[in-house]
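Chemist:
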Amino acid sequence: MRVVLADDHALVRAGLRKLLESMPDISVVGEAGDGLALLALVEELKPSLVLMDIAMPGLNGLEATARLVKAIPGIRVMILSMHQSEEYVRRALRHGAVAYLLKDSAPMELELAMTAVMRGETYLSPAVSKGVFDDYVHRLREDDQPSEQLTPRQREVLQLIAEGLSTKDIARRLNLSVKTVETHRTTLMRQLDVHEVTGLVRHAMKLGLVSI
363 MRVVLADDHA
373 LVRAGLRKLL
383 ESMPDISVVG
393 EAGDGLALLA
403 LVEELKPSLV
413 LMDIAMPGLN
423 GLEATARLVK
433 AIPGIRVMIL
443 SMHQSEEYVR
453 RALRHGAVAY
463 LLKDSAPMEL
473 ELAMTAVMRG
483 ETYLSPAVSK
493 GVFDDYVHRL
503 REDDQPSEQL
513 TPRQREVLQL
523 IAEGLSTKDI
533 ARRLNLSVKT
543 VETHRTTLMR
553 QLDVHEVTGL
563 VRHAMKLGLV
573 SI
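First residue of the sequence shown: 363, per the numbering used here; consecutive thereafter.
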């Protein structure tokens, strides 16, 4: 299994690489420190599995998962996160992840998760698995909430706003005009029924686009 690692902490990536390369039939072929760099790296290397954190600058792990699963049929994504809440797990599954592992898990659990994924199964850390699948199925049967109706570009702009970037910085980062970014901001406020930037930040946290 060819694996790409994505985490914004170099020491975490180094530790994961050492653990993974001690396992049979696994090869770490690349590393990325943010979501956008990850997309480019996966396009170049065509790995079979991506192991990534949720909280990454520029493009978070949940949005990166959705884009990868849509763009590359058959790719598998495992989330490795400090977040234990069912909301994060539910969103990870909904975006296409096949495994969700907590960062405080024992190395043996990482090996169990990798083995399950290699067999084509889904794996959740025991600490987050209780009740998650029932909640997931129930929510999938409900109508989409307004937050689920945001476009990928809107979620991308929302994350960058919540990260504190100015309108000009966002325009430069996404290769858009300042006017287009301002339009996205206005549309987001109207669609999410918020009237100030702090409201957008709170909503981005709720969606898991940024962490507290």
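Ideal Cβ positions, reconstructed from N, Cα and C, are used throughout, including at glycine.
Using a Cβ-Cβ cut-off of 8 Å (strictly less than) and excluding sequence neighbours within five positions of D506, which residues of its own chain qualify?
Modeler: The count along the sequence shown starts at 1 and reaches residue 506 at position 144. Note that D506 has pLDDT 48, beneath the 50 cutoff, so the model's placement of it is unreliable and no number is given.
Chemist: Starting from the C-beta of P469, find all residues in its chain whose C-beta is less than 6 Å away, skip the five residues before and the five after it, and write them out in chain order.
Modeler: Within the sequence shown, the letter at position 107 stands for residue 469. Around P469: L381.
Chemist: Since A411 contacts A454 with CB under 8 Å, what's their CB separation in whole angstroms?
Modeler: Mapped onto the sequence shown, residue 411 falls at position 49. Mapped onto the sequence shown, residue 454 falls at position 92. The amino acid at residue 411 is misidentified as Ala; the sequence shows Leu. About 15 Å; that fails the 8 Å criterion.
Chemist: Excluding the 5 residues preceding and the 5 following S467 in the sequence, name in chain order all residues of the same chain whose CB lies nearer than 7 Å to its CB.
Modeler: Translated into positions along the sequence shown, residue 467 becomes position 105. S487, listed in sequence order.
Chemist: Measure from the alpha carbon of L413 to the alpha carbon of each residue in E473, T548, S491, A433, then state which is nearest.
Modeler: Here residue 413 corresponds to residue number 51 of the sequence shown, with the count starting at 1. Here the closest residue by C-alpha is E473.
Chemist: For V563, which residues from the same chain have a beta carbon less than 6 Å from its beta carbon, with the 5 sequence-adjacent residues on both sides left out?
Modeler: In the sequence shown, the residue the question calls residue 563 occupies position 201. Answer for V563: A524, listed in chain order.
Chemist: Rounding to the nearest angstrom, what Cα-Cα distance links V559 and L520 in this structure?
Modeler: Position 197 of the sequence shown holds residue 559. Position 158 of the sequence shown holds residue 520. Going from the Cα of V559 to the Cα of L520 covers about 10 Å.
Chemist: Note down, in chain order, each residue of its chain lying with its Cβ closer than 8 Å to the Cβ of V572, except the 5 sequence neighbours on either side.
Modeler: One-based indexing of the sequence shown puts residue 572 at position 210. So the qualifying residues of the chain are A417, N422, Q521, A524, E525, V563, A566.
Chemist: Might you give, ordered along the chain, the residues of its own chain that have their beta carbon closer than 8 Å to the beta carbon of G570, omitting 5 neighbours on each side?
Modeler: Your numbering for residue 570 matches position 208 in the sequence shown. Excluding positions up to five away in sequence, the list reads I416, N422, L424, H445, E449, Y450, R453.
Chemist: Provide the residue span of the beta strand (DSSP E) that contains V572, from first to last.
Modeler: As a first step, residue 572 must be located in the sequence shown, where it is residue number 210. V572 -> no beta strand (DSSP E), and no H or E assigned at all.
Chemist: Between the C-alpha atoms of R379 and P386, what's the straight-line distance to the nearest angstrom?
Modeler: By 1-based counting over the sequence shown, the position of residue 379 is 17. By 1-based counting over the sequence shown, the position of residue 386 is 24. The alpha-carbon atoms of R379 and P386 are separated by roughly 13 Å.
Chemist: With H546 and Q516 assumed to form a contact (beta carbons below 8 Å), what rounded beta-carbon distance in angstroms separates them?
Modeler: Taking the first residue of the sequence shown as position 1, residue 546 is located at position 184. Taking the first residue of the sequence shown as position 1, residue 516 is located at position 154. Sure, about 6 Å apart at Cβ, within 8 Å.
Chemist: Cutting at 7 Å between CB atoms, please list the residues of its own chain near V460, excluding the five before and the five after it.
Modeler: Against the sequence shown, residue 460 aligns to sequence position 98. Cβ within range, chain order: R438, V439, M440, V479, T484.
Chemist: What are the start and end residues of the alpha helix (DSSP H) that includes L550?
Modeler: Position 188 of the sequence shown holds residue 550. 540-554 is the extent of the alpha helix (DSSP H) around L550.
Chemist: If I measure Cβ to Cβ from K530 and keep anything under 7 Å in the same chain, skipping five residues before and after, which residues do I get?
Modeler: Mapped onto the sequence shown, residue 530 falls at position 168. For K530, where only same-chain residues beyond five positions count, the Cβ hits under 7 Å are V540.
Chemist: To the nearest whole angstrom, what separates the beta carbons of A394 and A368, a pair I think is in contact under 8 Å?
Modeler: What you label residue 394 is simply residue 32 of the sequence shown in a count that begins at 1. What you label residue 368 is simply residue 6 of the sequence shown in a count that begins at 1. 5 Å between Cβ atoms; contact.
Chemist: Can you list, in chain order, the residues of its chain whose CB lies under 8 Å from that of P372, leaving out five sequence neighbours each side?
Modeler: Within the sequence shown, the letter at position 10 stands for residue 372. First, the residue type needs correcting, since residue 372 is Ala and not Pro in the sequence shown. Closer than 8 Å at the Cβ level, and outside the excluded window around A372, lie G395.
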